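The structure is reproduced here in structure tokens:
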């Protein structure tokens, strides 16, 4: 510690006072940009006052997806491990966390498709359709009536990739029911996640899989901000870190029965949070009577 202070004192003595004061003023801005995940005590009202928090509906994210798409398609070919990320441009296939994510999804898809040759599916917040191609790769004999809901810029590009699929930019897709409802890394971005979960449940006729959901065990649900600049996303967005018991209690209230929980991956540390989240998946089914 003494050595660090000495180095700082030396740097200050060699820097003109005006420049040193400018650096002191700018330092918090650069420091904050380096923190990817941070607890946001002010919640949604704070986000509305921050121009850097633009959310997911930005062109830079679509550009990253477009650039990474050929690699994703190539990574799904062959018989190598599927330790890949749908959003990444890396050719690496041995990432253990991504492998766990995809194999967990494959297990869930097999449960949903058990005894069926075809299913209907809604991918809520499914971007450009990554999970459609992934599903076709995992269960190539299963016919899928695939629906995807996301922002218009992603929907329009998804239509060019999968002309046979159904892409939606509004919530009218929730006016019918689906055999399989998927919410992967999307529910936590809803301001009122409880109301959103209720809407997803109403559109479910078979199974609902909420996955890549950051949860905590001991502290109340809280809001956090992510700064994903290192991935090429020129935006920031906020999301919930949801208390597990609160989440399961709401699901039970809605008539959802937990079929299986999954530990998807260890989440990145959230600066300033009283409890660090873990990334979970929850497979729900309806009551036996409703499935008949």
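Numbering (my numbering), first residue to last: 301 to 592. Even for Gly, the Cβ is constructed at its ideal location relative to N, Cα and C. As the structure is a prediction and not an experimental result, all values here were calculated from the model.
Taking all protein chains shown into account, decide if residue 390 is buried (16 or more other Cβ within 10 angstroms of its Cβ) or exposed.
Taking the chain shown and counting its residues from 1, one reaches residue 390 at position 90. Under this definition residue 390 is an exposed residue.
Where residue 416 sits in the DSSP three-state scheme:
For the purposes of this step, residue 416 is taken as the residue at position 116 of the chain shown. Assigned with DSSP and collapsed to three states, residue 416 falls in coil, not helix or strand.
Please name the residue in 541, 380 and 482 whose C-alpha comes closest to that of residue 394.
Taking the first residue of the chain shown as position 1, residue 394 is located at position 94. For residue 394, the nearest C-alpha among the options comes from 380.
DSSP three-state assignment for residue 404, whether helix, strand or coil:
Locating residue 404 in the chain shown gives position 104, counting from the first residue. Looking at residue 404 - three-state DSSP - the assignment turns out to be helix.
Going by DSSP in three states, residue 453 sits in which element: helix, strand or coil?
Translated into positions along the chain shown, residue 453 becomes position 153. Helix, per DSSP.
Less than 6 Å between C-beta atoms, sequence neighbours within five positions excluded: which residues of the same chain meet that for residue 469?
Translated into positions along the chain shown, residue 469 becomes position 169. For residue 469, where only same-chain residues beyond five positions count, the Cβ hits under 6 Å are 452 and 455.
Under 8 Å, with one C-beta from each stretch per pair, do the region 335–351 and the region 523–537 reach the 3-pair mark?
Taking a cut-off of 8 Å for Cβ pairs, the region 335–351 and the region 523–537 touch, as three or more such pairs fall below it.
Please report how far the alpha carbon of residue 575 lies from the alpha carbon of residue 518, in whole angstroms.
As a first step, residue 575 must be located in the chain shown, where it is residue number 275. As a first step, residue 518 must be located in the chain shown, where it is residue number 218. One C-alpha to the other measures close to 7 Å.
Touch check for the region 439–448 and the region 414–428: three-plus C-beta pairs under 8 Å?
The region 439–448 is in contact with the region 414–428.
For the beta strand (DSSP E) containing residue 526, name the first residue and the last one.
Mapped onto the chain shown, residue 526 falls at position 226. In the DSSP assignment, residue 526 falls within the unbroken beta strand (DSSP E) covering 522–526.
Between which two residues does the beta strand (DSSP E) harbouring residue 543 extend?
Within the chain shown, numbered from 1, the residue matching residue 543 stands at position 243. Looking at the DSSP string, the run of the beta strand (DSSP E) that includes residue 543 is 537–543.
Three-state class that DSSP yields for residue 364 in the structure shown:
Reading the chain shown from its first residue, position 64 is the one you call residue 364. Under the three-state reduction of DSSP, residue 364 is assigned to helix.
Can you tell me whether DSSP reads residue 503 as helix, strand or coil?
Stepping through the chain shown from its first residue, residue 503 is reached at position 203. Reduced to three states, the DSSP call for residue 503 is coil.
In its own chain, which residues sit with a C-beta less than 6 Å from the C-beta of residue 573, not counting the 5 before and 5 after it?
Taking the first residue of the chain shown as position 1, residue 573 is located at position 273. Cβ neighbours of residue 573 within its own chain (closer than 6 Å, five residues either side excluded): 339.
Kindly list the residues whose CB is nearer than 7 Å to the CB of residue 353, restricted to its own chain and excluding five residues on each side of it in sequence; keep chain order.
Position 53 of the chain shown, counted from the start, is the residue given in the question as residue 353. 347, 525, 536, 537 and 538.
Helix or strand or just coil, what does DSSP make of residue 473?
Taking the first residue of the chain shown as position 1, residue 473 is located at position 173. Three-state result, residue 473: helix.
Taking a contact to mean a Cβ-Cβ separation below 8 Å, would you say residue 551 touches residue 500 in this structure?
Counting from 1 along the chain shown, the entry for residue 551 is found at position 251. Counting from 1 along the chain shown, the entry for residue 500 is found at position 200. The criterion of a C-beta distance shorter than 8 Å is not satisfied by residue 551 and residue 500.
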